[in-house]
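FYI, the numbering for the sequence shown is 10 to 299, going by this note's numbering.
One structure is given below, encoded as structure tokens.
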Amino acid sequence: MWSYERFLAKSEEPMVIFDNKNSIIFCNESATKYFQEVGKNILVKNIFRLDGGLAVYFEDPEPPIDPMVIHQLRAPLTSLKWSIELLQDENIPEISKKELLKNISISIEYLTKLVNDLLSASRIGSGAESPVSNSLLDIKKMIGNLIGLLEPNATAKKQKIILKEKCELGATFIDPNLFCHVFQNLLDNAISYGNENSEIEISISSDLSRRMYIISVKDRGISISDEDRQKIFSKFYRSSAAKTVKPAGTGLGLFIAKSSAEANGGNIWFESQNDKLTTFYFTVPIRKEK
10 MWSYERFLAK
20 SEEPMVIFDN
30 KNSIIFCNES
40 ATKYFQEVGK
50 NILVKNIFRL
60 DGGLAVYFED
70 PEPPIDPMVI
80 HQLRAPLTSL
90 KWSIELLQDE
100 NIPEISKKEL
110 LKNISISIEY
120 LTKLVNDLLS
130 ASRIGSGAES
140 PVSNSLLDIK
150 KMIGNLIGLL
160 EPNATAKKQK
170 IILKEKCELG
180 ATFIDPNLFC
190 HVFQNLLDNA
200 ISYGNENSEI
210 EISISSDLSR
220 RMYIISVKDR
230 GISISDEDRQ
240 KIFSKFYRSS
250 AAKTVKPAGT
260 GLGLFIAKSS
270 AEANGGNIWF
280 ESQNDKLTTF
290 YFTVPIRKEK
């Protein structure tokens with residue numbers, strides 16, 4: 010079982026969680042300095058309360074993330090607190106313990122993704138994630154690994170992922186982490202917002218005149234309206250259609266994907282048709298040397 014420390018300890022933002030008696034039940038590594046400094050007080054106005062008697066404390070009274078994202082911490086944290094309290098009951102049946110542990114695992118997985126997205130968005134916004142760690146990347150192998158990582162989610166929706174290679178692929182010098190940010194977010198979105206019993210098509214081609222690989226992810230699900238087109242890559246933006254299909258979400262995935270694609274020397278764009286066929290494209294430079 011993962012502890013609170015494991016999924017929040019690395020946050021660069023000081024975070025403290027209180028119970029309904031205003032006792033601190035968790036503070037991450039970044040927050041410990043506030044309790045080690047003599048005379049340092051916790052400002053009440055910096056505490057953002059959640060349901061279940063939990064709260065998150067930020068150093069800045071203006072939170073660095075959208076209030077709706079803070080609001081999304083509420084459900085999984087409340088679920089974690091409730092499940093842990095029940096597990097402390099010695100009389101709870103073994104079968105119930107397994108179900109509670111499953112709920113804890115799901116909550117932690119959601120929180121981990123939320124925190125990772127927030128940290129990535131924060132680093133990108135500060136310019137900390139520039140492509141300074143380029144290495145020779147086997148794109149075909151990396152895409153295969155990422156498909157394998159997300160394929161169970163597609164299988165659960167009876168979706169089939171199809172990979173089409175339309176060019177000869179070679180290794181290229183780019184930042185692997187930035188590449189992962191782009192491709193994983195696009196494929197995850199295609200699975201999340203694509204219809205059940207549908208196909209997700211991944212295509213890899215090249216534009217030798219521009220020395221670029223072009224990677225596309227196509228799904229048949231919700232379309233992107235004219236109203237949403239100008240905002241789709243904005244930080245924290247989620248369309249009404251996306252919220253209907255998947256109520257929980259940060260609105261950071263496409264912002265991270267766009268920022269990462271551009272930081273890697275490429276670009277990102279999309280095509281969306283009224284028949285609910287949507288394709289996202291991004292480019293990767295073909296570099297044989299650093």
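Heads up, the beta-carbon is just placed ideally off N, CA and C, and yes, glycines get one too.
For Glu103 and Lys111, I'd like the C-alpha separation in whole angstroms.
Here residue 103 refers to the residue found at position 94 of the sequence shown. Here residue 111 refers to the residue found at position 102 of the sequence shown. So the two alpha carbons sit approximately 13 Å from each other.
Would you mind sorting Thr239 into buried or exposed? The rule is 16 or more other CB atoms within 10 Å of its CB.
Mapped onto the sequence shown, residue 239 falls at position 230. Sequence inspection shows Gln at residue 239; the Thr mentioned does not correspond to that position. Classification for Gln239: exposed.
Going by CA-CA distance only, name the one from Ser225, Ile224, Lys267, Thr253 that's closest to Ile241.
Sequence index remark: in the sequence shown, residue 241 carries index 232 (1-based). Ile241 has its Cα closest to that of Lys267, out of Ser225, Ile224, Lys267, Thr253.
Just to confirm the assignment: which complete alpha helix (DSSP H) runs, minimum length 4, are found wholly within the stretch 219-265?
Here the runs fully enclosed are 235-238, 249-254.
Once DSSP output is grouped into helix, strand and coil, what is the label at Leu217?
Working through the sequence shown from its first residue, we reach residue 217 at position 208. DSSP places Leu217 in coil when its eight states are reduced to three.
State buried or exposed for Gln168, treating a residue as buried only when at least 16 other CB atoms are found within 10 Å of its CB.
Here residue 168 refers to the residue found at position 159 of the sequence shown. The residue in question, Gln168, is buried, as its Cβ has 16 or more Cβ neighbours within 10 Å.
Please report how far the alpha carbon of Gly179 lies from the alpha carbon of Asp197, in whole angstroms.
Mapped onto the sequence shown, residue 179 falls at position 170. Mapped onto the sequence shown, residue 197 falls at position 188. About 25 Å.
Between which two residues does the beta strand (DSSP E) containing Leu196 stretch?
On the sequence shown, residue 196 is found 187 positions in, with the first residue counted as 1. Premise fails: Leu196 lies in the alpha helix (DSSP H), 185-202, not in any beta strand (DSSP E).
Quick one: Cα of Phe188 to Cα of Lys285, how far?
Here residue 188 refers to the residue found at position 179 when the sequence shown is read from its first residue. Here residue 285 refers to the residue found at position 276 when the sequence shown is read from its first residue. Taking the straight line joining both Cα atoms gives about 26 Å.
What does Ile209 pair with, by DSSP beta-bridge criteria?
Along the sequence shown, one-based indexing puts residue 209 at 200. In DSSP, Ile209 forms a bridge with Ile170.
Name the one or two DSSP bridge partners that Val124 has.
Translated into positions along the sequence shown, residue 124 becomes position 115. Val124 is not bridged to any residue.
Which one or two residues does DSSP pair with Ser268 in a beta bridge?
For this step, residue 268 is matched to residue 259 along the sequence shown. In the DSSP output, where bridge partners are listed per residue, Ser268 has none listed.
Taking the C-alpha atoms as reference points, what is the distance between Tyr222 and Thr164?
Here the question's residue 222 lines up with position 213 in the sequence shown. Here the question's residue 164 lines up with position 155 in the sequence shown. Using only the alpha carbons, I get a separation of about 28 Å.
What does a CB cutoff of less than 6 Å around Arg296 pick up in its chain, not counting 5 residues either side in sequence?
To locate residue 296, count along the sequence shown from 1; it is residue 287. Counting only Cβ-Cβ distances below 6 Å, and skipping sequence neighbours, we find Thr181, Phe182.
Tell me which same chain residues have a C-beta within less than 6 Å of the C-beta of Ser142, skipping the five on either side of it?
What you label residue 142 is simply residue 133 of the sequence shown in a count that begins at 1. So the qualifying residues of the chain are Asp184.
Out of Pro256, Ala251, Leu261, Arg229, which one is the CA nearest neighbour of Ser301?
There is simply no residue 301 to check, as the chain begins at 10 and stops at 299 in what is shown.
What would DSSP say about Pro161, mapped onto helix, strand or coil?
Residue 161 sits at position 152 when you count from the first residue of the sequence shown. Note: Pro161 maps to helix in three-state DSSP.
In angstroms, rounded to a whole number, what distance separates the CA positions of Asn96 and Leu120?
Locating residue 96 in the sequence shown gives position 87, where the first residue counts as 1. Locating residue 120 in the sequence shown gives position 111, where the first residue counts as 1. Note that residue 96 corresponds to Leu in the displayed sequence, not to Asn. Cα to Cα, Leu96 sits roughly 20 Å from Leu120.
Below 7 Å between beta carbons: does that hold for Ile265 and Asn194?
Your numbering for residue 265 matches position 256 in the sequence shown. Your numbering for residue 194 matches position 185 in the sequence shown. For Ile265 and Asn194, yes; Cβs fall inside 7 Å.
Note the first and the last residue of the continuous beta strand (DSSP E) segment covering Leu286.
On the sequence shown, residue 286 is found 277 positions in, with the first residue counted as 1. Its beta strand (DSSP E) spans residues 286-294.
Please look up how many angstroms separate the CB atoms of Ile152 and Ile209, rounded, as I've assumed it's under 8 Å.
Position 143 of the sequence shown, counted from the first residue, corresponds to residue 152. Position 200 of the sequence shown, counted from the first residue, corresponds to residue 209. About 13 Å; that fails the 8 Å criterion.
Under a three-way DSSP split, which group does Leu109 fall into?
Along the sequence shown, read from residue 1 onward, the residue named residue 109 stands at position 100. It is helical.
What separation, rounded to the nearest whole angstrom, lies between the Cα atoms of Gly275 and Tyr290?
The residue you call residue 275 lines up with position 266 of the sequence shown. The residue you call residue 290 lines up with position 281 of the sequence shown. Each residue's Cα considered, the two are about 10 Å apart.
Taking 6 Å as the limit between beta carbons, can you name the residues of its chain near Ser269, skipping five residues before and five after?
Along the sequence shown, read from residue 1 onward, the residue named residue 269 stands at position 260. Cβ within range, chain order: Leu187, His190, Val191.
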